[in-house]
Amino acid sequence: MLGKTFGAAALALLTAGAAWAQDQSIIVQSTTSTANSGLYDHLLPIFEGETGIKVNVVAVGTGQAIRNAENCDGDVLLVHAKPAEEKFVASGYGTERTDLMYNDFVIVGPKDDPAGIGGMSDVQGALGQIAEQGALFASRGDDSGTHKKEMALWSDSGVDPTAASGDWYRETGSGMGATLNAGIGMGAYVMTDRATWISFDNKQDYAIQVEGDEDMFNQYGVIPVNPEKCPSVNIEAAQIFADWLLSDDGQEAIAAYEVADQQLFFPNAPSN
Numbered sequence: 002m003l004g005k006t007f008g009a010a011a012l013a014l015l016t017a018g019a020a021w022a023q024d025q026s027i028i029v030q031s032t033t034s035t036a037n038s039g040l041y042d043h044l045l046p047i048f049e050g051e052t053g054i055k056v057n058v059v060a061v062g063t064g065q066a067i068r069n070a071e072n073c074d075g076d077v078l079l080v081h082a083k084p085a086e087e088k089f090v091a092s093g094y095g096t097e098r099t100d101l102m103y104n105d106f107v108i109v110g111p112k113d114d115p116a117g118i119g120g121m122s123d124v125q126g127a128l129g130q131i132a133e134q135g136a137l138f139a140s141r142g143d144d145s146g147t148h149k150k151e152m153a154l155w156s157d158s159g160v161d162p163t164a165a166s167g168d169w170y171r172e173t174g175s176g177m178g179a180t181l182n183a184g185i186g187m188g189a190y191v192m193t194d195r196a197t198w199i200s201f202d203n204k205q206d207y208a209i210q211v212e213g214d215e216d217m218f219n220q221y222g223v224i225p226v227n228p229e230k231c232p233s234v235n236i237e238a239a240q241i242f243a244d245w246l247l248s249d250d251g252q253e254a255i256a257a258y259e260v261a262d263q264q265l266f267f268p269n270a271p272s273n
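The letter at position 56 of the sequence shown is residue 57 when you use the working numbering, and the numbering goes up by one with no holes.
Structure representation (structure tokens):
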């Protein structure tokens, strides 16, 4: 059974029957963490089995995902940078933004912990110590949701790390997995979403050094692309997908996804 909050577009699909859904597909412009963590591998077979709609995921940094959607290269946006998402909707590119799920960010680092930040829950204090010690820090530097959050945290700590670009502050310009690999290779601290870290296979002697600060909260949102800006959008199927993610069934499926016996994402769609 579909969740009780499954929307009107989905009900129309059920009324029309499987013939409508046949050969229907959408493109989801997505942040990388939802793909790299394996969440889509868990969710999409369930959704496609219930609706017959094929979902194609383009996993890039949030900034690039938003630009792609603004270029009408997608039907749904699923990312994690709320101010940028709200701007996307306010500019007319999205029909509505809705909270979908959350997890948190963590700072990982080598066992020898050169900045002495292990066990801290004050992220601004930890970043300040990294800068003061000149300890290596690897940043995505790619305008992703993680990078946007990292820069906001640096700003709150009173440090401009880009002044040390190429010195202790290293910008990879790449995704989360590649940045983790680069950071581990050079012995640098890295800020990552927890889901990617749990799913990451090349941890070596690295461990979570900083966690638990409420400022490291990581909210994800879902937004159908507005057909008034992008007439090519498959809005019916896009809305069905968004409604399913926000429905009881979609939220339960998100909550059920685990890696190494750990839940990676926590659903928090508003209830009806």
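Beta carbons are placed, not taken as given, at the ideal position from N, Cα and C, and that holds for glycine.
All values reported here derive from a predicted model rather than from experimental measurement.
Between residue 189 and residue 137 the beta-carbon gap is near 4 Å, inside 8 Å, which marks them as a contact. Under DSSP, residue 165 forms no beta bridge with any residue.
About 6 Å separates the beta carbon of residue 269 from that of residue 100, a gap short enough to meet the 8 Å contact definition. Each of 226, 258, 233, 244 was checked against the Cα of residue 91, and the nearest Cα belongs to 226.
Note on the stretch 132 to 197: whole alpha helix (DSSP H) runs with a minimum of 4 residues are 146 to 158, 177 to 187, in chain order. Contact between the stretch 229 to 247 and the stretch 145 to 158 is not established, with fewer than three Cβ pairs separated by less than 8 Å. Take the alpha-carbon of residue 77 and the one of residue 38: they are about 19 Å apart. Here residue 26 is not near residue 79, since their CB atoms are 8 Å or more apart. Here residue 129 carries a helix assignment [DSSP, helix/strand/coil]. With respect to the 8 Å criterion, residue 192 and residue 267 are not classified as neighbours on the basis of their beta carbons.
Taking all protein chains shown into account, residue 34 has 16 or more neighbouring C-beta atoms within 10 Å of its C-beta and is therefore buried. When the Cα atoms are used, residue 256 and residue 265 turn out to be separated by approximately 8 Å. The beta carbon of residue 177 lies closer than 8 Å to those of 33, 34, 37, 141, 145, 147, 193, 194, 197 in the same chain, with the five residues before and after it left out. For residue 170, the closest of 156, 208, 186, 131 by C-alpha to C-alpha distance is 131. Residue 209 sits away from residue 124, with the two beta carbons spaced by 8 Å or more.
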